[in-house]
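> Note that the sequence shown covers residues 0 to 442 in numbering that gives the first Met the number 0.
Cβ coordinates follow ideal geometry from the N, Cα and C atoms, glycine included.
Note that the structure is a prediction, hence the values are computed from the model and not measured.
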Amino acid sequence: MTCGATATFGTNAVDWEHRIDLDRLRDDRLARLRERLETSELGAVLAFDFTNIRYMTATHIGTWAVDKLIRFALLVRGGEPIVWDFGSAARHHQLYAPWLDHPSDERNPSGARAGISTLRGAFDPDANIAEEVARKVRRELDLYGLADEPVGVDVIEMPVLAALRDAGVTVTDGQQVFLEARRIKTDTEITLLTQAAAMVDAAYDTLYSFLRPGVRENECVGLVSKSLYDMGSEFVEGVNAISGERCSPHPHVYSDRIIRPGDPAFFDILHSHMGYRTCYYRTFAVGSASPAQRDAYTRCREYMDRAIELVKPGATTADVVSVWPTAQEFGFPDEEAAFALQYGHGVGLSIWEKPIFSRLVSLQHPEVLEAGMVFALETYWPSADGLGAARIEEELVVTEDGCEVITKFPAEQLLVAGQRYFTVGGQLPTLRDPQSHRNRPQV
0 MTCGATATFG TNAVDWEHRI DLDRLRDDRL ARLRERLETS ELGAVLAFDF TNIRYMTATH
60 IGTWAVDKLI RFALLVRGGE PIVWDFGSAA RHHQLYAPWL DHPSDERNPS GARAGISTLR
120 GAFDPDANIA EEVARKVRRE LDLYGLADEP VGVDVIEMPV LAALRDAGVT VTDGQQVFLE
180 ARRIKTDTEI TLLTQAAAMV DAAYDTLYSF LRPGVRENEC VGLVSKSLYD MGSEFVEGVN
240 AISGERCSPH PHVYSDRIIR PGDPAFFDIL HSHMGYRTCY YRTFAVGSAS PAQRDAYTRC
300 REYMDRAIEL VKPGATTADV VSVWPTAQEF GFPDEEAAFA LQYGHGVGLS IWEKPIFSRL
360 VSLQHPEVLE AGMVFALETY WPSADGLGAA RIEEELVVTE DGCEVITKFP AEQLLVAGQR
420 YFTVGGQLPT LRDPQSHRNR PQV
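(1) Rounded to a whole number of angstroms, what is the C-alpha to C-alpha distance between residue 401 and residue 5?
(2) Enumerate in chain order the residues of its own chain whose CB-to-CB distance from residue 77 is below 8 Å, with the five nearest sequence positions on each side excluded.
(3) Out of 373, 358, 404, which has the shortest C-alpha to C-alpha gap to residue 443?
(4) For residue 140, which residues in the same chain have their Cβ closer than 8 Å to its Cβ, ignoring the five residues on either side in sequence?
(5) Out of curiosity, what's the CA-to-CA distance linking residue 184 and residue 236?
(6) Taking residue 175 as the reference, give the member of 129, 154, 214, 160 with the closest Cα.
(7) Identify every run of the alpha helix (DSSP H) within the segment 126-157, keeping only runs that are complete inside it and at least 4 residues long; order them along the chain.
(8) By the three-class DSSP mapping on this structure, what secondary structure does residue 470 have?
(9) State yes or no: is the C-beta of residue 339 within less than 8 Å of the C-beta of residue 331?
(10) Just verifying my parser: in three-state terms, what is the DSSP assignment at residue 408?
(11) Consult DSSP for residue 193 and reduce its assignment to one of helix, strand or coil.
(12) Which whole-angstrom value describes the C-beta separation of residue 84 and residue 58, a residue pair presumed to lie in contact below a C-beta threshold of 8 Å?
(13) Under 8 Å, with one C-beta from each stretch per pair, do the segment 353-366 and the segment 256-266 reach the 3-pair mark?
(14) Can you tell which of 157, 91, 390 has its C-alpha closest to the C-alpha of residue 60?
(15) Below 8 Å between beta carbons: does that hold for residue 414 and residue 266?
(16) Would residue 326 be called buried (16 or more neighbouring beta carbons within 10 Å of its own) or exposed?
(17) Mind listing, in chain order, the continuous beta strand (DSSP E) runs of no fewer than 3 residues lying wholly within the segment 338-417?
(18) Verify whether the separation of the beta carbon atoms of residue 178 and residue 352 is less than 8 Å.
(19) How many Å lie between residue 362 and residue 323 at the Cα?
(20) Does the Cβ-Cβ distance between residue 380 and residue 388 come in under 8 Å?
(21) When the Cα of residue 170 is compared with those of 187, 186, 152, which residue comes out closest?
(22) What are the residues that DSSP puts in a beta bridge with residue 239?
(23) Counting only runs that start and end within the segment 13-73, where is the beta strand (DSSP E) found for 3 or more residues in a row?
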């Protein structure tokens, strides 16, 4: 594993240091999407997924709308991106997103236009909103002489699909074009992903200082969310906070459980920095760690380290998952039942991108690792006493000769949080500051 480090910067722009080149980010992403479109059999790609719209058009209207399928964007062969947006957002793009300008098109000088889809069926079907979406798309295909070419779509509502077909548009799967374009990250994307991880490093430090018997899982979620938003996070997509007996089996959702002395507690922090996500697990023991929990953590770490050692260009996802345990080895009947416990996935504008690492698919359908990929590897192991489990996740960048781990909060050993008392040489217990984590012993 190489020791190189991706540069990180402050999140503000300054005149005295070259930081993130956002024009380059926009240009490079669009160039990669165009390249994939050109090598496909499609005449155009149509996006309703917010991450694909952002990759294509570099527009964003907030996270409140990510599940509503209200916006859509089109890229045709030989053309410029067009985004039909929610009400006044289109006007905002016309004023502040000059990269969407189409000065050569007198009829439509901007690629930012007013338009809306069906609000997941909330509009009355008789309002013909789906038909209007199809009309807008068909018009652009006609302008470029692509009406007879298939259009690749990422996700779509049934009324819109039917309307496009009624308009004579051949609709097929376009998600693979988008995900193949996004598979290899640009240097700018890698920097943003690393900065996003650095923000979680800091959030974990805050959480470790706070974590102690008596706090609740939901309090930890609130603390982490505030910490990230204070640092400028665009969106805290989720914080998994799992403790005690809830660790096995992993429920994938936090509760209001009160954390008790001796509990294991693991967390997954998912947030967005300028669109770029994190998926980043850490496990702690609270107050003290049992021998069973220590053993579970050691095994979880060993599986992680074996996987990381294999990551380099030319290796495959099958190579990585082959060093992970089978589902039956840790108490599940098959790989589908254990899915996402020993797991890996690309990280970018969304948290699950290509490549995917899982015994469910990777041994039969391996993917080759390439320099510039960024992905997360996550391992899990239940404790032998049946009361807890360990969960670790690292994000990696594939380099020319190995990989770089960009998740930096310590995870080599099980950290014990919330130790207020300890003994030295048989002396009486000494009160410690529960808010300070300096010089806390590690297990």
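Looking at the atomic coordinates:
(1) Counted from its first residue, the sequence shown places residue 401 at position 402. Counted from its first residue, the sequence shown places residue 5 at position 6. Roughly 14 Å separates the two Cα atoms.
(2) The residue labelled residue 77 in the question sits at position 78 within the sequence shown. Hits under 8 Å: 143.
(3) What the structure shows of the chain is the stretch from 0 to 442, and residue 443 is not part of that stretch, so it cannot be assessed.
(4) Counting from one through the sequence shown, the residue named residue 140 turns up at place 141. For residue 140, where only same-chain residues beyond five positions count, the Cβ hits under 8 Å are 42, 43, 75, 146, 148, 150, 168.
(5) If you number the sequence shown from 1, residue 184 lands on position 185. If you number the sequence shown from 1, residue 236 lands on position 237. Approximately 21 Å between the Cα atoms of the pair.
(6) Locating residue 175 in the sequence shown gives position 176, where the first residue counts as 1. The residue with the shortest Cα to Cα distance from residue 175 is 154.
(7) Listed in chain order, they are 128-142.
(8) The displayed coordinates of the chain run from 0 to 442. Any statement about residue 470 would go beyond what the structure contains.
(9) Along the sequence shown, one-based indexing puts residue 339 at 340. Along the sequence shown, one-based indexing puts residue 331 at 332. Not a contact, by the Cβ cut-off of 8 Å.
(10) Here the question's residue 408 lines up with position 409 in the sequence shown. It is coil, neither helix nor strand.
(11) Residue 193 sits at position 194 when you count from the first residue of the sequence shown. Three-state DSSP puts residue 193 in a helix.
(12) Here residue 84 is taken as the residue at index 85 of the sequence shown, counted from 1. Here residue 58 is taken as the residue at index 59 of the sequence shown, counted from 1. Correct: roughly 7 Å between the Cβ atoms.
(13) no
(14) Along the sequence shown, read from residue 1 onward, the residue named residue 60 stands at position 61. Nearest option by C-alpha distance: 91.
(15) Your numbering for residue 414 matches position 415 in the sequence shown. Your numbering for residue 266 matches position 267 in the sequence shown. Against a cut-off of 8 Å, the Cβ pair of residue 266 and residue 414 comes out as no contact.
(16) Within the sequence shown, residue 326 is the residue found at index 327, counting from 1. By the neighbour-count criterion, in which a residue is buried when 16 or more other Cβ atoms sit within 10 angstroms of its Cβ, residue 326 is buried.
(17) 342-345, 352-356, 373-381, 388-397, 402-404, 414-416
(18) To locate residue 178, count along the sequence shown from 1; it is residue 179. To locate residue 352, count along the sequence shown from 1; it is residue 353. Closer than 8 Å, so yes.
(19) Here residue 362 refers to the residue found at position 363 of the sequence shown. Here residue 323 refers to the residue found at position 324 of the sequence shown. Computed Cα separation, rounded: 12 Å.
(20) Position 381 of the sequence shown, counting from 1, holds the residue named residue 380. Position 389 of the sequence shown, counting from 1, holds the residue named residue 388. In this structure, residue 388 lies closer than 8 Å to residue 380 by Cβ.
(21) Taking the sequence shown and counting its residues from 1, one reaches residue 170 at position 171. Checked all of 187, 186, 152; the closest Cα to residue 170 is 152.
(22) Translated into positions along the sequence shown, residue 239 becomes position 240. In DSSP, residue 239 forms a bridge with 267.
(23) Within the segment 13-73, the complete beta strand (DSSP E) runs of at least 3 residues are 43-46.
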